[in-house]
Structure formats: C-alpha cells, structure tokens
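Have a look at the structure below before the remarks.
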Amino acid sequence: METSTSGREGKAEIVFFDMETTVPNKGWKRFWVLEFGAIVVCPQKLVEIESYSTLVRPKDLSVVSLKSGRCDGITRKVVANAPDFEDVADKIFSILNGRVWAGHNIRRFDCIRIKEAFAEIGKPAPQPAGMIDSLGVLTDKFGKRAGNMKMETLAAYFGLGQQKHRSLDDVRMNLEVLKHCATVLFLESSLPSALHDKWQMGASTVMTRSRTNGKSLPCRSEETTLKSTPTCTGSYERACSMFDIEHVRGSWMTGRAQPLLAHLLKNSTGIVKKVSPRSIFSQITFGS
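Written out as structure tokens, the structure is:
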C-alpha cells in the first residue's frame, strides 16, 4: 500500500496508532514490540477508512510473560506464532509514512519505539507529516478534571468502557475520547457562567456506563481492514526530534496537524454546528 496524503483538498490523512510492548526489568533493558495497531481517519469527516493490526513475535520469547495480569493481555503463547517485526515492517511503514500521526503519549513513547524497531532491522523509519499527541493537547485544554489523563481514566470519565490494552481497540477509544473532550469544551464555552459552574461541579461525580465497542481481538497474528498508555518514565524523555521533519520539535501538535484538529472539533458530534478552533489552539506552541 503506497499512501501518504489524501488527494482530497491536499490534506494529509490522520493515522491513530498504538503499540503494546514489554516493559524493561532487571533481566533486559529494552522494549520489545508485541503488537501494533492503527486506524486511518479521513480528516474531513473523522471516519475510519482503513485499519491494520498485527501481533509481533520478539526475537527472545522469554521476555514475554507466560501469564498476563490483564484480561486481554498478551502472553508468550499469543505471540509465539506471530510474524517478526521485519516481516510486517513494510506494511507498518506504508500506513504511517507521510500521514499525520495521532495517539496518546505517542511523542514520548510510541514514536521512540517505532524508531528503535526500524533501526534494529536496518531500515529507515517512517516520517510523519505532523503530530497530534492527545496526552499533551488534553492536558493543556481539558485539565485534570478526568484524573491522571491516562486513556483508561479518560475512557471511564466519559463512560466509554474499560481500556482493553490491545492496540486496535485502544486507538479507536482514543478517537472517541478526543471527540467527547471536544464536545465538552464546546458546550462549556457556550453555556452561561452560572450553568458553567454547575457543569464543573457535576463533573466530579460521573456515573460510568458500560459500553462494548465490539468483541475483544482474538489471538490472531495480523489483521487488515478497509472502511495503552504506558506510564511516562525517564527512559521515555527523548524528544521526537529524532525525526528529521519540519516543525515537529518542541510541540505537542505540529505543522499540518492544526487544521486537522480543527476538523476534529467541528465534526465531533452531530449537535455541534460551529466550533472556533482558536480556543483549542490558544495554549499550543508550534515549532518554527
């Protein structure tokens, strides 16, 4: 698949992606990719037009736990017959390269893991046209009302169900969380101050409803269709400046990503007819 930008109005498509990895411990000091999942989103309508997910078998299977503490977690048995990263690298490259990258904490985690994985097999890493890190954007604009800003906390706040910690499920949840946050910010900017105060008070007690957005991913190696947030530690602190692209350095949202997030706000829900992008951009700095 050779896709980089949308032919419609010359706007880059958005790709939400997520990676599940091992966590370094005393036995090994590196991350191993265990799963990659992505959805390509039309920037005009915010609809999913393509999806891809694959399990990845690490070179050393002993780094994967025999049992997982999560109900849908990845175990050694699950990845034993999965393809190596080198076998799926071309597909991952094609779905990421030249698009606007979006995800939760991707700037400090997933971007670095992608770079490392491609470097290990001696191939050039994909390059983004821009970047939207929802962790930074939502921390700036949504504040701490939803707690620690992890994806599972945000999903619970909006009653979107439980995070499954599987890549494809998590990126779809990420898009829904962004839509809900955009809607709340729009409504707050439109309500009179008296109602706004009550809205803020009511936000402290949220009843979570259970909603299942489809069945859990079966233990399959790879899936393509058309149509997790690791805790940030010191080892993640390398900036995304490793990518030699214009405007990425030092910003949570970059380059061509600005008009695309405006589309996100404008199309977040059927009841939102008009949204000013200025409020969401007012506290975001862009690279020069």
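Read left to right, the sequence shown gives residues 1 to 288 (UniProt numbering). The beta-carbon is built from N, C-alpha and C at its ideal position, and this holds for glycine as well. Remember, predicted model here, so these are calculated numbers, not experimental data.
Start and end residues, beta strand (DSSP E) containing residue i
| i | result |
| --- | --- |
| I95 | First-last for I95: 85 to 96, but that is the alpha helix (DSSP H), not the beta strand (DSSP E). |
Under the three-state DSSP convention, the category residue i falls into
| i | result |
| --- | --- |
| T54 | strand |
| G136 | helix |
| residue 293 | Look at the range of the chain in this structure, 1 to 288, and you will see that residue 293 is not part of it. |
| F36 | strand |
| I114 | helix |
| I49 | strand |
| T21 | strand |
| L160 | coil |
| R107 | helix |
| F31 | coil |
| K59 | coil |
| K141 | helix |
| A119 | helix |
| A155 | helix |
Backbone CA spacing between residue i and residue j [nearest angstrom]
| i | j | result |
| --- | --- | --- |
| A12 | C42 | 9 Å |
| L61 | F85 | 13 Å |
| F16 | G147 | 23 Å |
| Q44 | N97 | 20 Å |
| V137 | V56 | 30 Å |
| M19 | G37 | 6 Å |
| F158 | K144 | 14 Å |
| L154 | E48 | 21 Å |
| Q163 | V63 | 23 Å |
| I14 | V100 | 5 Å |
| A156 | R166 | 16 Å |
| F142 | G103 | 16 Å |
| F118 | A182 | 34 Å |
| I114 | V177 | 24 Å |
| V78 | W32 | 15 Å |
| D170 | L187 | 26 Å |
| D87 | R76 | 19 Å |
Residue i classed as buried or exposed, judged by whether at least 16 other C-beta atoms fall within 10 angstroms
| i | result |
| --- | --- |
| L121 | Position check: residue 121 holds Ile in this sequence, whereas Leu was assumed. Exposed, because fewer than 16 other Cβ atoms sit within 10 Å of the Cβ of I121. |
| N81 | exposed |
| residue 318 | Here the chain has residues from 1 to 288 only, and residue 318 is not among them. |
| N25 | exposed |
| L34 | buried |
| D90 | exposed |
| L46 | buried |
| K150 | buried |
| L191 | exposed |
| G30 | Before going on, a small fix: residue 30 reads as Arg here, not Gly. The residue in question, R30, is exposed, as its Cβ has fewer than 16 Cβ neighbours within 10 Å. |
| S65 | exposed |
| V23 | exposed |
| S189 | exposed |
Residue(s) in a DSSP beta bridge with residue i
| i | result |
| --- | --- |
| M131 | W101 |
| V41 | I14, E48 |
Residue range of the alpha helix (DSSP H) that includes residue i
| i | result |
| --- | --- |
| R76 | 76 to 79 |
| F186 | 167 to 190 |
| M149 | Taken as a continuous stretch (DSSP letters only), M149 belongs to no alpha helix (DSSP H), as it is neither H nor E. |
Residue i CB to nearest heavy atom of the ligand COA below 7 Å
| i | result |
| --- | --- |
| A82 | Absence of the ligand COA from the depicted structure is noted, as is the absence of any ligand whatsoever, leaving it without description. |
Neighbour flag for residue i against chain C, beta carbons, 8 Å
| i | result |
| --- | --- |
| T183 | In the displayed structure, chain C is absent; only one protein chain is listed. |
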